[in-house]
Structures are given as structure tokens and as C-alpha cells.
Amino acid sequence: MLKKAILLISAILICVFLGNAVLVTGLLIKGLSLNEIMDLNISEIVNSDSINANYFKLLVGLSNLISFAGSAVLYLTFTKKKEFAKELDLQPQTDMISLVWFVALYFCTLPLASLMAEFSMNIPWPDWMQKMDDSSLSDLSSILVMHNAGDLMVNLISIALIAGFSEELLFRGVIQKGLQEFFKPSWIAIIVSSIIFSAVHLQPVAFLPKMVIGLLLGYAYWISRNLWYSIALHTLNNAVPLIVLYYSGIDASELPQDNSANQISWLSILVSIALGINIIFAINKRFNGPKT
Numbered sequence: 057m058l059k060k061a062i063l064l065i066s067a068i069l070i071c072v073f074l075g076n077a078v079l080v081t082g083l084l085i086k087g088l089s090l091n092e093i094m095d096l097n098i099s100e101i102v103n104s105d106s107i108n109a110n111y112f113k114l115l116v117g118l119s120n121l122i123s124f125a126g127s128a129v130l131y132l133t134f135t136k137k138k139e140f141a142k143e144l145d146l147q148p149q150t151d152m153i154s155l156v157w158f159v160a161l162y163f164c165t166l167p168l169a170s171l172m173a174e175f176s177m178n179i180p181w182p183d184w185m186q187k188m189d190d191s192s193l194s195d196l197s198s199i200l201v202m203h204n205a206g207d208l209m210v211n212l213i214s215i216a217l218i219a220g221f222s223e224e225l226l227f228r229g230v231i232q233k234g235l236q237e238f239f240k241p242s243w244i245a246i247i248v249s250s251i252i253f254s255a256v257h258l259q260p261v262a263f264l265p266k267m268v269i270g271l272l273l274g275y276a277y278w279i280s281r282n283l284w285y286s287i288a289l290h291t292l293n294n295a296v297p298l299i300v301l302y303y304s305g306i307d308a309s310e311l312p313q314d315n316s317a318n319q320i321s322w323l324s325i326l327v328s329i330a331l332g333i334n335i336i337f338a339i340n341k342r343f344n345g346p347k348t
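Following my numbering, the numbering of the sequence shown begins with 57 at its first residue and continues without gaps.
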């Protein structure tokens with residue numbers, strides 16, 4: 057276990073370095089100096105006259121692909137695994153009915169995730185955590201600004217497709233799968249990998265709602281032994297707010313900082329939990345019962 061952990065950390069460090077190197081190189085190509093790159097924040101880069109916003113977003117997507125998917129592939133290379141698709145449980149046997157059940161379960165988790173977000177926003181976080189979260193939200197808001205359908209498409213590619221695919225390869229295909237070999241019962245591995253998944257996003261206030269989504273993704277992978285389901289759900293989770301934001305006409309740069317407009321009724325939470333439990337039973341039955 058220790059040897060595998062060291063190999064995984066090494067793979068992640070190498071690929072994160074390479075991903076950031078690609079990002080910096082892409083900005084250097086556009087004429088920015090290294091000092092300018094180090095001094096700029098994402099908002100300034102996106103709004104810069106010398107850098108096309110969509111070029112930067114795709115560059116970030118490529119950087120994330122190298123950082124996350126690259127880490128998974130490099131780790132498998134270190135451990136001398138040759139059949140990457142098989143090792144990552146990228147099974148060709150997927151069916152639409154199972155996917156519909158998982159999607160229905162995803163929508164049932166949204167009220168709970170919103171409740172966790174509401175709860176988190178009322179916690180008196182330490183100043184350094186609040187500043188970290190504010191900075192992360194500011195960067196995200198800058199990336200989410202969309203003026204036309206082309207901007208939406210670029211965001212769907214970078215934030216939904218690339219992030220959904222590459223993050224699942226690492227967090228579920230490698231980390232959770234490895235933890236399942238170490239922890240029994242497997243739900244411990246699902247919780248631990250979800251904590252890691254949420255923490256990596258560096259958004260303290262959003263930690264709990266992201267963990268709720270991480271638990272759903274972990275469950276989908278665990279019960280199906282097929283990474284494509286969690287990839288599809290992760291992509292959906294990232295795509296839905298992008299589409300809603302674009303067609304609602306809300307200015308992403310002015311996203312609300314409080315939860316006053318997003319309070320969730322207890323009735324909707326209870327109904328979604330009841331429906332979710334029934335859907336879980338249906339999914340478990342479909343995949344021949346829970347696995348250890």
C-alpha cells in the first residue's frame with residue numbers, strides 16, 4: 057500500500073508540473089512574459105486584450121487533462137499495468153436504462169447538496185479559508201462568463217467533458233479503486249476518495265456539497281464497476297450549471313455571494329431522499345446487489 061501511494065503521489069506531482077508547464081507555455085506563446093504570468097490572476101488573463109478567453113479556457117482544459125488523466129495513466133505505467141482501459145474499468149458494456157437510473161439519482165442528490173452548501177455558507181470560516189474560497193469563486197466566475205454559443209461550447213468542452221473524464225480517471229479509476237483494495241467495507245473507500253476529491257478543489261465553503269457529489273460518483277462506480285457511469289454523471293454535474301447560467305442570462309461575474317436566494321425547503325429534501333433511497337434499491341437490484 058505504501059509503495060503504491062508513493063508511486064501515485066510521484067505520478068501526480070510529475071503530471072501537475074507538466075500540466076502547469078503546458079499552461080505557462082501556452083501563455084508565453086501569446087506574448088506574455090513569465091513575470092507577467094506570475095503576477096496575473098485568472099480574471100486578468102481572461103479579460104486581457106492579448107489573450108483570447110476561449111484560448112485560455114481550452115489551455116486550462118488541456119492542463120487539467122494532463123494533470124488528472126495523465127496522473128492515472130502514469131501511475132498505471134509505474135505499476136506496470138498495460139491494459140489501461142481494463143485497469144480503469146472503462147467497460148464497453150453500458151446501457152441507457154442504468155444510466156437513466158443514475159441520472160435520476162443525481163437529481164435526487166441536488167437538494168441535499170444545496171442544503172450542505174447553505175449550511176457551509178453559515179459557518180464562520182477562518183479568514184484564510186474564506187479568502188481562499190473567495191479567490192476560487194472569483195476565478196471560476198471569470199471562466200464562466202459566456203457571451204455566445206461558442207463560449208458555451210468551449211466551457212462545455214473544458215469544464216464538463218475534459219474535467220468529467222480526466223478527474224474520474226484519477227479519483228475513481230485509480231484512487232477509489234486502490235482504496236477499495238485496502239479498506240473493507242468498500243463504503244469507507246468511497247468516503248475517503250470523496251473527501252480527497254472535494255479537498256483538491258480548494259473551495260472550503262463548497263467542500264460539503266462537492267463531497268455529496270463525490271459520494272454519488274463513488275457509489276456509481278462501485279456498484280457498476282464501470283467508470284463510464286461516473287464519468288457521465290460528473291460531466292452532467294458540470295454541464296448543467298453551465299447551460300442554466302448561459303440560457304438564464306445571469307452575469308457569471310456577479311454570482312451571488314450569499315445563500316438568501318437559494319434556500320431549500322425541507323419537504324423537497326425529504327422527498328428527494330425518499331426517491332433516492334428507492335432508486336438506490338432499484339440500481340442495486342439491477343447490478344445484482346451491493347458489492348463488497
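Virtual Cβ for every residue (Gly too), placed ideally from N, Cα, C.
None of the values given here were measured: they were computed from a predicted structure.
Looking at A295 and L212, is the spacing between their C-beta atoms short of 8 Å? yes
What is the DSSP secondary structure of S89, counted as helix, strand or coil? Here S89 sits in coil by DSSP.
Can you tell me whether T165 is buried or exposed, with buried defined as 16 or more other CB within 10 angstroms of its CB? buried
Close beta carbons around M188, own chain, < 8 Å, minus the five adjacent residues each side: L258, Q259, P260
Grab the span of the alpha helix (DSSP H) containing F239 for me, first residue to last. Careful: F239 lies outside any alpha helix (DSSP H) and carries neither H nor E.
Let me confirm a value: I65 is counted as buried when at least 16 other C-beta atoms fall within 10 Å, else exposed. Which label applies? exposed
Rounded straight-line distance, which links the Cα of E100 to that of S321: 38 Å
Could you tell me the boundaries of the alpha helix (DSSP H) in which H257 lies? Careful: H257 lies outside any alpha helix (DSSP H) and carries neither H nor E.
Just to check my reading of the structure: G220 and T291 have Cβ atoms closer than 8 Å, yes? What is that Cβ distance to the nearest angstrom? 3 Å
Buried versus exposed call for A245 [16 or more other C-beta atoms within 10 Å across all chains shown]: Residue burial is scored here from C-beta neighbours: A245 has at least 16 other C-beta atoms within 10 angstroms and is therefore classed as buried.
Contacts around S127, its chain only, beta-carbon distance under 7 Å, and the 5 residues preceding and following it disregarded: A67, I68, C71, L226
Considering only residues of the same chain and omitting the five flanking positions on each side of N76, which have a CB-CB separation below 7 Å? S119
So, at 6 Å on beta carbons, what are the nonlocal neighbours of G117 in its own chain, with the 5 sequence-adjacent residues on each side left out? S214, I218
Rounded to a whole number of angstroms, what is the C-alpha to C-alpha distance between K240 and F263? 25 Å
Straight-line Cα distance separating V248 from A109: 36 Å
Let me know if I339 comes out buried or exposed under the rule of 16 or more other beta-carbons within 10 Å of its beta-carbon. buried
By Cβ distance, which residues of its chain are closer than 7 Å to G229, with the 5 residues on each side in sequence left out? A128, L144, D145, L283
Suppose contacts are defined by Cβ-Cβ distances below 8 Å. Is F343 in contact with I287 by that definition? no
Going by the CB atoms, is the gap between S222 and L298 shorter than 8 Å? no
Which residues bound the alpha helix (DSSP H) around T133? 126–134
Mapping DSSP to helix, strand and coil, what is I213? helix
From K142, G332, A61, M202, residue whose alpha carbon lies closest to that of P167: G332
Let's see if you can read the secondary structure: which residues bound the alpha helix (DSSP H) around S154? S154 -> alpha helix (DSSP H) spans 152–177.
Relative to the C-alpha of K113, which residue among D190, L196, I93, L130 is closest? L196
Beta-carbon of L212 versus every beta-carbon of chain B: anything under 8 Å? In the structure shown, chain B cannot be found, because there is only a single protein chain.
So is I269 buried or exposed if we call it buried at 16+ other beta carbons inside 10 Å? buried
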